[in-house]
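Chemist:
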Amino acid sequence: MIRLPERLTLDQLDLHYAHLRREGLLLPGQYGPIGRHVSDGDTRLLRLRYDNSPAALRLWDLLLTEEQRLAQWRASGKRLVGAMKDLGTVPVMAYSSDRLVAFYPDGAWWIPCVMEVNQGLLSIADSLGIDESFCPVRAMLGAFVTGAHFPIPDLLVCSVGAACDDFAAIAQRLNGMGLPILWWEMPYRRQAGPSEQAVQLPGGVLAPKVLVDLVRSELGRVRSAFEELAGKPISDQDLANGINKANRVRLLLQGLRRLVFTSVPTPMPALEMLIAEMLAIHFCSDIDQTILVLEAMLAEVEGRVAAKVGYGPLDAVRVFWVNPVADLRVMNLIEECGIRLCGTDLMFTHAIDPIPADLQPMEALARVALADPMVGPMSERAARIAAQVQQLAAEAVVVSRIPGASHCGYEGQVIADIVARRCYVPTIEIEVPPVADSVEATLRTRLQALVETIRSNRPICHTQV
Amino acid sequence: MIKIVLVADDGMQVIAKGCTDQGIDQDRIATSLFATILSQAGLRRSQVRRVVATGYGRARISLADTTITEITCQAVAIHRLLPEARTVIDIGGQDSKIIRLADSGRVFDFVMNDRCAAGTGRFLEVVADRLGVDLVDLGPLAATSREPAVISSMCVVFAETEIIGLLAANRPREDIVAGVQRAIAQRIHGMAGRTMRGPVVFTGGVALVAGMQSALEDALGLQVVIPQEPHMTAAFGAAILARDIQQGGHYFLGGQP
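Protein chains in written order, with the working numbering: chain A, 298 to 762; chain B, 12 to 268.
Written as structure tokens, this is what we have:
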């Protein structure tokens, strides 16, 4: 029997947890109620509203117990790899070895949100010269200094070159503090010249073969470092197995996205979808658990779709969302304003597109890495967004700026121009700081104004401006 | 400021209007102003059939039946006043907005600056205070400028430092004011980014400051029109929508209010 979807406060969620536990309905692997993390300092959890499914509960538990899991992995003899900036390729290589576990130190960018800036991570970054003119991912520096949020990895790997300027500066600062980093170069993805061979990348973009060759060579260095760290070779078959497992995650996410973004009413809230999508890049340090959690999420969503139950008004405004938010609370807010998500581009579409399984593993991984939407022309990312806006019948696009992030200074206008030209739907920009309470009124005004705009325009199609 | 506009059932005739300074207790101030306006118009509360609140304080107005954002209210008012308008530039004391209108007069999209005082009326207030000039005298003063100063900073705090430097260098006050007006207009131009379609209408309290209209026209390269009582347009739009909702909510069903 399907439970009716319901948004719960944290207190209600913990009561719900106790009920599910009594009834034996918790999913395997659930460590405890989510509310226990508040006493660890995760006070932002008190302000969020949660989906009531056991699958979503398990998703939150997986997210919030990563630190504990990393300690367990280390105690069990696994070697830890910190994969920085890459957003989706290096972890696949790491998980191809049974002796390595990868995690994503960049994920510390949510700590100032979840802990409501109480841990002083941003202040530590300030003191190291990485101030608020940089992306909130600078919280990672503070996390490395305090050592309180993840263990210092055995190997740090970071892409540079066409990676974002903020992250390069932050990682270089980290390197300068004495933490060795294996750098690998990510070239800027450009069009192939007239005499160059072009290669198709996942997601439909093209790149010169010479760039793919360069990335493959660079990832080869990473592979060698992993083999040295693991103390044993990583064969092509190991990589193929790792790719298959990563593709399982990607296909589950694709299925989840397709159902959640297209079904009416929406069967899973935007907040839980954001958390689920982020699993594609880091697997929360446990790819097998990630697969189990996503399978449970998909099964829950399939059940809700079949039962025609979900959230929000049936005529909620359909919005395509660009970039992750620094404050998770905003994902609740958008639904309170009458918006439902019908698509997302969270800057890592290449981590959701399947990795080609019919190519040599290193070639496939190189193509995926080079398909990163942030390493090519913004117009290519905007074109993909516009195509999805059309395909998903989005009524508007919201570009969520990340304060200090260098790409946010220019991408909004490029996306708005291309979306307006090709799809004739409005694009608005908002800026979401790590704790958005002080700007909630202004965010609400923009989102409500967008809802009013769409609603008042609905019966009038193809109006020209 | 808090503004109130009452419209008649026909949605055309303004029965009464008024405005007063903001304060912390917006609900009390709005309720008091409402009572004053009703009294002046010889109306009873029961004769007002629907109240729409707009603006940032809209959720705190207890006498409101409905809240609608100022983006929508501005668009409705401007379409009523100047149906041919395709862009609204609204500069208030605390924020600025650019609203693009479709041919139907409805909002197509909008951009807002509500995180920074540059490009808002607050910038002018700071300048007036620093120069020891009343706000209402800024415009006439700027009109006498022969060589507007260049204010290079887009931050009000830093711009204030620049102004101190300009005063120390004996730059005439009129040149400084004209320079600040130009800086605000350029900030708005930068916000617009995308192609701006005319006719352009300029609303908000800053539209009442002489010299801002021409500063905007210079920056945008377009003629800019200021409606009557440009600081009241959002309230007027809210009143039109109140009447519309009372009669079935045609605006949000695709009709004209």
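All C-beta atoms in this analysis are idealised placements derived from N, C-alpha and C, irrespective of residue type, glycine included.
Assuming Tyr392(A) and Val672(A) form a contact by the criterion Cβ under 8 Å, report the distance between their Cβ atoms to the nearest whole angstrom.
Modeler: For the purposes of this step, residue 392(A) is taken as the residue at position 95 of the first sequence. For the purposes of this step, residue 672(A) is taken as the residue at position 375 of the first sequence. Their Cβ separation, rounded to whole angstroms, is 22 Å, which puts Tyr392(A) and Val672(A) out of contact at 8 Å.
Chemist: Find the nearest neighbour of Ala189(B) within the set Gly150(B), Val168(B) and Glu171(B), judged by alpha-carbon distance.
Modeler: As a first step, residue 189(B) must be located in the second sequence, where it is residue number 178. Nearest C-alpha to Ala189(B): Gly150(B).
Chemist: Less than 6 Å between C-beta atoms, sequence neighbours within five positions excluded: which residues of the same chain meet that for Arg341(A)?
Modeler: Within the first sequence, residue 341(A) is the residue found at index 44, counting from 1. Once the five neighbours on either side are set aside, the close Cβ partners of Arg341(A) are Cys410, Val411 and Glu413.
Chemist: Rounded to a whole number of angstroms, what is the C-alpha to C-alpha distance between Met390(A) and Gly517(A)?
Modeler: Taking the first sequence and counting its residues from 1, one reaches residue 390(A) at position 93. Taking the first sequence and counting its residues from 1, one reaches residue 517(A) at position 220. Cα to Cα, the separation comes out at about 10 Å.
Chemist: Who are the near neighbours of Arg344(A) in its chain, counting only those whose CB is closer than 7 Å to its CB and skipping five residues on each side?
Modeler: Counting from one through the first sequence, the residue named residue 344(A) turns up at place 47. Only Arg626 meet the Cβ criterion.
Chemist: Whose CA, out of Leu307(A), Val387(A), Leu324(A) and Gly640(A), lies closest to the CA of Leu479(A)?
Modeler: The residue you call residue 479(A) lines up with position 182 of the first sequence. With distances taken between Cα atoms, Leu479(A) lies closest to Val387(A).
Chemist: Would you kindly report the start and end of the unbroken beta strand (DSSP E) that includes Phe119(B)?
Modeler: For the purposes of this step, residue 119(B) is taken as residue 108 along the second sequence, with counting starting at 1. Per DSSP, Phe119(B) belongs to the beta strand (DSSP E) from Val118 to Asn124.
Chemist: Between Glu228(B) and the rest of its own chain, which residues show a CB-CB distance below 7 Å, the 5 nearest in sequence each way excluded?
Modeler: By one-based count along the second sequence, residue 228(B) stands at place 217. Gln234 and Val235, listed in sequence order.
Chemist: What would DSSP say about Ala691(A), mapped onto helix, strand or coil?
Modeler: For the purposes of this step, residue 691(A) is identified with residue 394 of the first sequence, where counting begins at 1. Coil.
Chemist: Taking Leu747(A) as the reference, give the member of Ser107(B), Thr83(B), Ile72(B) and Asp20(B) with the closest Cα.
Modeler: Locating residue 747(A) in the first sequence gives position 450, where the first residue counts as 1. Taking only the C-alpha atoms, the option nearest Leu747(A) is Thr83(B).
Chemist: Return the first residue and the last residue of the beta strand (DSSP E) that Glu726(A) is part of.
Modeler: The count along the first sequence starts at 1 and reaches residue 726(A) at position 429. Run containing Glu726(A): Thr724 to Glu728, per the beta strand (DSSP E) assignment.
Chemist: In the DSSP assignment, find the beta strand (DSSP E) that holds Asp101(B) and state where it starts and stops.
Modeler: Looking up residue 101(B) in the second sequence gives position 90. Taken as a continuous stretch (DSSP letters only), the beta strand (DSSP E) holding Asp101(B) covers Thr98 to Ile102.
Chemist: Counting only beta-carbon separations shorter than 9 Å, does Thr77(B) have a partner in chain A?
Modeler: Here residue 77(B) corresponds to residue number 66 of the second sequence, with the count starting at 1. Answer no: the Cβ-Cβ gap between Thr77(B) and chain A never drops below 9 Å.
Chemist: Give the single residue among Gln687(A), Glu728(A) and Leu689(A) whose Cα lies nearest to the Cα of His704(A).
Modeler: Numbered from 1 along the first sequence, position 407 holds the residue referred to as residue 704(A). Of the candidates Gln687(A), Glu728(A) and Leu689(A), the one whose C-alpha sits nearest the C-alpha of His704(A) is Glu728(A).
Chemist: Short of 6 Å in beta carbon distance, which residues of its chain neighbour Tyr328(A), apart from the five on each side in sequence? Order them along the chain.
Modeler: The residue you call residue 328(A) lines up with position 31 of the first sequence. The answer, listed in chain order, is Asp358 and Thr362.
Chemist: Which term fits Gln37(B), buried or exposed, when burial requires 16 or more other beta carbons within 10 angstroms of its beta carbon?
Modeler: Indexing the second sequence from 1 puts residue 37(B) at position 26. Answer is buried; the Cβ neighbour count reaches 16.
Chemist: Please state if the CB of Gly104(B) and the CB of Met12(B) are separated by a distance shorter than 9 Å.
Modeler: Position 1 of the second sequence, counted from the start, is the residue given in the question as residue 12(B). Position 93 of the second sequence, counted from the start, is the residue given in the question as residue 104(B). Cβ atoms of Met12(B) and Gly104(B): closer than 9 Å.
Chemist: Keeping to the same chain, check which residues put their C-beta closer than 7 Å to that of Gln761(A); ignore five residues upstream and five downstream.
Modeler: For the purposes of this step, residue 761(A) is taken as residue 464 along the first sequence, with counting starting at 1. Unreliable positioning characterises Gln761(A) in this predicted model, as indicated by a pLDDT of 39, which lies under 50. The coordinate reading is nonetheless provided below. Nothing meets the Cβ criterion.
Chemist: Could you give the distance in angstroms between the alpha-carbon of Phe247(B) and the alpha-carbon of Val18(B)?
Modeler: Counting from one through the second sequence, the residue named residue 247(B) turns up at place 236. Counting from one through the second sequence, the residue named residue 18(B) turns up at place 7. Looking at the two C-alpha atoms, the distance is approximately 8 Å.
Chemist: Could you check the C-alpha separation between His759(A) and Asp120(B) for me, to the nearest Å?
Modeler: What you label residue 759(A) is simply residue 462 of the first sequence in a count that begins at 1. What you label residue 120(B) is simply residue 109 of the second sequence in a count that begins at 1. Low per-residue confidence applies at His759(A): pLDDT is 41, beneath 50, and the placement is therefore not dependable enough to give any value.
Chemist: Does any residue of chain B have a CB that is nearer than 9 Å to the CB of Ile715(A)?
Modeler: Within the first sequence, numbered from 1, the residue matching residue 715(A) stands at position 418. For Ile715(A), the answer is no, since every Cβ of chain B falls outside 9 Å of its Cβ.
Chemist: Is Phe431(A) near the ligand SAM, judged by its Cβ being under 8 Å from some heavy atom?
Modeler: As for the ligand SAM, it is missing from this structure, which has no ligand bound.
Chemist: When burial is assigned at 16 or more other CB atoms within 10 Å of the CB, is Ala663(A) buried or exposed?
Modeler: Indexing the first sequence from 1 puts residue 663(A) at position 366. Classification for Ala663(A): buried.
Chemist: Going by CA-CA distance only, name the one from Ile35(B), Ala88(B), Gln85(B) and Ala27(B) that's closest to Val59(B).
Modeler: Taking the first residue of the second sequence as position 1, residue 59(B) is located at position 48. Taking only the C-alpha atoms, the option nearest Val59(B) is Ala27(B).
Chemist: Residues bridged to Ala380(A) by DSSP?
Modeler: Against the first sequence, residue 380(A) aligns to sequence position 83. Per DSSP, Val454(A).
Chemist: Do you know offhand how far Gly68(B)'s Cα is from Ala139(B)'s?
Modeler: Position 57 of the second sequence, counted from the start, is the residue given in the question as residue 68(B). Position 128 of the second sequence, counted from the start, is the residue given in the question as residue 139(B). Cα-Cα distance, rounded: 26 Å.
Chemist: To the nearest angstrom, how far is it from the Cα of Ala250(B) to the Cα of Phe169(B)?
Modeler: By one-based count along the second sequence, residue 250(B) stands at place 239. By one-based count along the second sequence, residue 169(B) stands at place 158. Spanning the two alpha carbons is a distance of roughly 40 Å.
Chemist: Based on DSSP bridge pairs, tell me the residues matched to Cys30(B).
Modeler: Taking the second sequence and counting its residues from 1, the one referred to as residue 30(B) is at position 19. In the DSSP output, where bridge partners are listed per residue, Cys30(B) has Lys14(B).
Chemist: In chain order, what are the residue ranges of uninterrupted beta strand (DSSP E) at least 3 long that sit wholly in the stretch 452 to 539 of chain A?
Modeler: Entirely contained in the stretch 452 to 539 of chain A, the beta strand (DSSP E) runs reaching 3 residues are, in chain order, 452 to 458, 479 to 483, 495 to 497 and 503 to 505.
Chemist: With distances taken from CA atoms, which of Gly475(A), Phe645(A) and Gln687(A) is nearest Lys382(A)?
Modeler: As a working mapping, residue 382(A) is identified with position 85 in the first sequence. Minimum Cα distance to Lys382(A) is reached at Phe645(A).
Chemist: Could you compute how far the alpha carbon of Asp308(A) sits from the alpha carbon of Ile331(A)?
Modeler: For the purposes of this step, residue 308(A) is taken as the residue at position 11 of the first sequence. For the purposes of this step, residue 331(A) is taken as the residue at position 34 of the first sequence. Straight-line Cα distance between these residues: approximately 9 Å.
Chemist: Between which two residues does the alpha helix (DSSP H) carrying Cys84(B) extend?
Modeler: As a first step, residue 84(B) is located in the second sequence; it is residue number 73 there, counting from the start. Taken as a continuous stretch (DSSP letters only), the alpha helix (DSSP H) holding Cys84(B) covers Glu81 to Leu92.
Chemist: Quick one, which residues of the stretch 141 to 171 of chain B are near chain A if we go by CB-CB under 9 Å, in chain order?
Modeler: Answer set for the stretch 141 to 171 of chain B: empty.
Chemist: Run through DSSP, which three-state label would Ile631(A) get?
Modeler: For the purposes of this step, residue 631(A) is identified with residue 334 of the first sequence, where counting begins at 1. Note: Ile631(A) maps to helix in three-state DSSP.
Chemist: Thinking C-beta only, is Ala160(B) closer than 9 Å to Ile187(B)?
Modeler: Here residue 187(B) refers to the residue found at position 176 when the second sequence is read from its first residue. Here residue 160(B) refers to the residue found at position 149 when the second sequence is read from its first residue. Yes. Within cutoff.
Chemist: Take every Cβ of the stretch 398 to 406 of chain A, pair it with every Cβ of the stretch 444 to 462 of chain A, and state whether three or more of those distances are shorter than 8 Å.
Modeler: Result yes; three or more Cβ-Cβ pairs closer than 8 Å.
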